[in-house]
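Q: Mind looking over this structure? Questions follow.
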Amino acid sequence: MSSPLAVADTTLPAFIWDETLIRRYDLSGPRYTSYPTAVEFTADFGPGDMIKAAERSRVAGGPVSLYTHLPFCAHLCYYCACNKVITKKRDKAMPYVERVLREAAMQSELFGAHRPVQQLHWGGGTPTFLPKDVMEYLMAGYGELFNLQAGDERDYSVEIDPREVDQDTLPTLWQLGFNRISLGVQDVNPQVQKAVNRIQPREMTESVLNEARRIGFRSINLDLIYGLPYQTPESFAETLDSVIEMSPDRLSVFSYAHLPDRFYPQTRIQGDTLPSPQQKLTILHNTINRLLEAGYEYIGMDHFAKPDDSLAIAQREGRLHRNFQGYTTHSDCDLVSLGVSAIGQTDDAYFQNNHDLPAWEQAIDAGQLATVRGVELTRDDQVRRWVIGQLICQFRLDRKQFQMAWGGEFDGYFADELRRLRPMIQDELIADDGQVLQVQPAGRLLIRAICQIFDLYRKEGASQRFSRII
Ligand code: SF4
Numbered sequence: 001m002s003s004p005l006a007v008a009d010t011t012l013p014a015f016i017w018d019e020t021l022i023r024r025y026d027l028s029g030p031r032y033t034s035y036p037t038a039v040e041f042t043a044d045f046g047p048g049d050m051i052k053a054a055e056r057s058r059v060a061g062g063p064v065s066l067y068t069h070l071p072f073c074a075h076l077c078y079y080c081a082c083n084k085v086i087t088k089k090r091d092k093a094m095p096y097v098e099r100v101l102r103e104a105a106m107q108s109e110l111f112g113a114h115r116p117v118q119q120l121h122w123g124g125g126t127p128t129f130l131p132k133d134v135m136e137y138l139m140a141g142y143g144e145l146f147n148l149q150a151g152d153e154r155d156y157s158v159e160i161d162p163r164e165v166d167q168d169t170l171p172t173l174w175q176l177g178f179n180r181i182s183l184g185v186q187d188v189n190p191q192v193q194k195a196v197n198r199i200q201p202r203e204m205t206e207s208v209l210n211e212a213r214r215i216g217f218r219s220i221n222l223d224l225i226y227g228l229p230y231q232t233p234e235s236f237a238e239t240l241d242s243v244i245e246m247s248p249d250r251l252s253v254f255s256y257a258h259l260p261d262r263f264y265p266q267t268r269i270q271g272d273t274l275p276s277p278q279q280k281l282t283i284l285h286n287t288i289n290r291l292l293e294a295g296y297e298y299i300g301m302d303h304f305a306k307p308d309d310s311l312a313i314a315q316r317e318g319r320l321h322r323n324f325q326g327y328t329t330h331s332d333c334d335l336v337s338l339g340v341s342a343i344g345q346t347d348d349a350y351f352q353n354n355h356d357l358p359a360w361e362q363a364i365d366a367g368q369l370a371t372v373r374g375v376e377l378t379r380d381d382q383v384r385r386w387v388i389g390q391l392i393c394q395f396r397l398d399r400k401q402f403q404m405a406w407g408g409e410f411d412g413y414f415a416d417e418l419r420r421l422r423p424m425i426q427d428e429l430i431a432d433d434g435q436v437l438q439v440q441p442a443g444r445l446l447i448r449a450i451c452q453i454f455d456l457y458r459k460e461g462a463s464q465r466f467s468r469i470i
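Per full-length UniProt numbering, the sequence shown runs over residues 1 to 470.
Below, the structure is given as structure tokens:
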């Protein structure tokens with residue numbers, strides 16, 4: 001059963017929903033915010049390796065991206081799979097931030113304080129859990145330790161929980177240099193909100209969004225989740241209509257993976273209240289239809305943007321990249337990451353902090369880095385990361401560009417992968433004219449399955465450690 005659906009897009013292939021192919025290829029797979037993926041990180045990689053990686057990064061120079069993980073939340077959302085600490089005690093924020101600044105001092109010395117911070121992101125948890133003075137203290141500290149930027153090309157973003165916003169929050173963030181925000185919404189339906197313990201009236205979200213726009217924030221993103229309790233195709237269509245009326249610049253629409261054995265909060269969600277797999281597919285299909293109809297472009301992997309948003313422009317110009325924050329226009333930034341569980345990245349390494357808050361605190365108090373695992377990339381990892389990045393961001397791979405970037409011949413290097421790609425070529429997920437591998441309309445939604453062909457660590461295919469593709 002397939003229903004072709006045209007997309008007005010000059011450079012990318014149109015989009016086609018083909019349910020037979022979706023069922024054939026919808027295995028579990030990584031989201032490729034890194035390659036190798038986080039499951040390949042090992043405990044063999046410790047602070048000493050991280051120091052060497054940071055030194056190599058400093059010698060190479062260039063701009064950096066600065067990520068801070070702020071783990072506190074005042075309320076527990078039952079679908080949550082994040083690393084967070086549920087507490088009502090706001091006085092926990094300052095000691096945490098003081099430690100983040102101690103960690104920042106170590107990392108600034110290692111990576112180089114002079115390098116321009118082109119991208120900055122506060123994630124969580126709930127960054128807006130921090131009282132105003134703590135936010136100011138953190139940013140002032142960063143101002144002393146790093147080379148923060150003020151120009152228009154900077155991309156300083158923060159995740160906002162509209163329930164944790166008062167009249168000072170947005171003006172404070174703006175004054176501190178943030179120019180982009182992402183609002184957590186998930187669903188505006190009251191029954192769904194109650195079932196996931198996230199009561200957030202539509203008007204609350206709308207007034208935060210309007211205020212942000214009035215102040216001057218750009219690329220305002222809204223997060224939605226489908227597959228939550230009591231959602232139906234009809235109820236989610238209403239949610240989408242409400243959200244489209246608010247007219248955010250970007251939308252992320254994630255699939256909820258119900259894994260109560262792995263994520264304890266999810267045990268509060270009753271399995272029999274969840275939409276069926278078929279209903280989920282219908283919701284996704286309708287969502288893509290509706291957003292395209294409303295003028296959004298499908299960027300890929302759950303992300304949509306208005307045609308004049310920087311993500312859509314970057315994709316059209318072949319400049320889109322992917323990192324732990326999802327799609328980004330800043331490709332050349334090494335990632336300096338601070339806080340519990342934060343993951344950093346250089347050209348040839350990934351490294352992650354301890355995800356246990358007391359253990360992270362202990363390391364920082366001892367004046368040490370809190371790196372507990374990571375991976376050093378081989379040349380093969382780097383080559384494959386580039387290939388996967390081309391496919392997942394630009395939906396195409398040009399053999400000439402490969403040769404220019406890596407100095408080798410694509411067909412010789414990937415002979416086995418090209419053989420395994422044949423069924424996907426027959427199924428018209430991807431086409432190969434001998435020069436360019438071009439993802440086809442039916443393959444855009446299944447891009448993770450295509451990327452998996454080039455993933456050396458999952459040659460056998462699906463792995464239960466990842467969520468399903470759709
Ligand atoms: S989903 Fe976000 S806001 Fe909700 S508990 Fe998890 S981290 Fe906190």
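The C-beta atom is built at its ideal place from N, Cα and C for all residues, glycine as well.
Rounding to the nearest angstrom, what Cα-Cα distance links Asp-187 and His-258 in this structure?
A: To locate residue 187, count along the sequence shown from 1; it is residue 187. To locate residue 258, count along the sequence shown from 1; it is residue 258. Straight-line Cα distance between these residues: approximately 16 Å.
Q: Start and end of the alpha helix (DSSP H) containing Ser-182?
A: In the sequence shown, counting from the first residue as 1, residue 182 sits at position 182. Not the alpha helix (DSSP H): Ser-182 falls in the beta strand (DSSP E), residues 180-186.
Q: Taking 7 Å as the line, does the beta carbon of Gly-339 fall inside it for any heavy atom of the ligand SF4?
A: Looking up residue 339 in the sequence shown gives position 339. Not under cutoff, so the answer is no.
Q: Are three or more beta carbon pairs between the stretch 303-315 and the stretch 247-261 nearer than 8 Å?
A: The answer is yes - the stretch 247-261 touches the stretch 303-315, with three or more Cβ pairs under 8 Å.
Q: Which runs of the alpha helix (DSSP H) fall wholly inside the stretch 101-152 and span at least 4 residues, in chain order?
A: The qualifying runs are 132-145.
Q: What do you get for Glu-103, buried or exposed, if any count of 16 or more other CB atoms within 10 angstroms of its CB means buried?
A: Sequence index remark: in the sequence shown, residue 103 carries index 103 (1-based). Classification of Glu-103: buried, given that the 10 Å Cβ count is 16 or more.
Q: Based on the DSSP output, what are the partners of Ile-269 in its beta bridges?
A: Taking the first residue of the sequence shown as 1, we reach residue 269 at position 269. According to DSSP, Ile-269 bridges with nothing at all.
Q: Kindly indicate the opening and closing residues of the beta strand (DSSP E) around Ser-242.
A: Here residue 242 corresponds to residue number 242 of the sequence shown, with the count starting at 1. Per DSSP, Ser-242 belongs to no beta strand (DSSP E); it is in the alpha helix (DSSP H), 233-246.
Q: Have a look at Leu-120, Glu-98, Ala-314 and Asp-455 and flag the residue whose alpha-carbon is nearest the alpha-carbon of Tyr-137.
A: As a working mapping, residue 137 is identified with position 137 in the sequence shown. For the residues Leu-120, Glu-98, Ala-314 and Asp-455, the minimum Cα distance to Tyr-137 belongs to Glu-98.
Q: Out of Glu-317, Thr-239 and Ser-207, point me to the one whose CA is closest to Phe-395's CA.
A: Against the sequence shown, residue 395 aligns to sequence position 395. Phe-395 has its Cα closest to that of Glu-317, out of Glu-317, Thr-239 and Ser-207.
Q: Give me the Cα-Cα distance between Ala-54 and Leu-110, rounded to the nearest whole angstrom.
A: Your numbering for residue 54 matches position 54 in the sequence shown. Your numbering for residue 110 matches position 110 in the sequence shown. Rounded to whole angstroms, Ala-54 to Leu-110 spans 6 Å at the Cα level.
Q: Grab me the residues of Gln-418's own chain with a C-beta within less than 8 Å of its C-beta, minus the 5 sequence neighbours each way, in chain order.
A: The sequence position of residue 418 within the sequence shown is 418, counting from 1. Before going on, a small fix: residue 418 reads as Leu here, not Gln. Only Asp-411 and Asp-432 meet the Cβ criterion.
Q: Quick check: what's the CA-CA separation for Ser-276 versus Val-375?
A: By one-based count along the sequence shown, residue 276 stands at place 276. By one-based count along the sequence shown, residue 375 stands at place 375. Rounded to whole angstroms, Ser-276 to Val-375 spans 38 Å at the Cα level.
Q: Name the one or two DSSP bridge partners that Asn-221 has.
A: Taking the sequence shown and counting its residues from 1, one reaches residue 221 at position 221. Paired residues: Ser-182 and Arg-250.
Q: Flag Thr-37 as yes when its Cβ comes closer than 7 Å to any non-hydrogen atom of the ligand SF4, and as no otherwise.
A: To locate residue 37, count along the sequence shown from 1; it is residue 37. No, since every heavy atom of the ligand SF4 falls outside the 7 Å radius drawn around the Cβ of Thr-37.
Q: Is the beta carbon of Gly-184 within less than 7 Å of some heavy atom of the ligand SF4?
A: Translated into positions along the sequence shown, residue 184 becomes position 184. Gly-184: yes, Cβ under 7 Å from the ligand SF4.
Q: Determine whether the beta carbon atoms of Cys-393 and Arg-448 lie at a separation below 8 Å.
A: Sequence index remark: in the sequence shown, residue 393 carries index 393 (1-based). Sequence index remark: in the sequence shown, residue 448 carries index 448 (1-based). Contact flag unset, no.
Q: Hey, quick one: how far does the beta strand (DSSP E) through Gln-345 stretch, first residue to last?
A: Taking the first residue of the sequence shown as position 1, residue 345 is located at position 345. 343-346 is the span of the beta strand (DSSP E), which, as asked, contains Gln-345.
Q: I'd like the span of the alpha helix (DSSP H) that includes Phe-402, first residue to last.
A: Taking the first residue of the sequence shown as position 1, residue 402 is located at position 402. Here the alpha helix (DSSP H) through Phe-402 covers 399-406.
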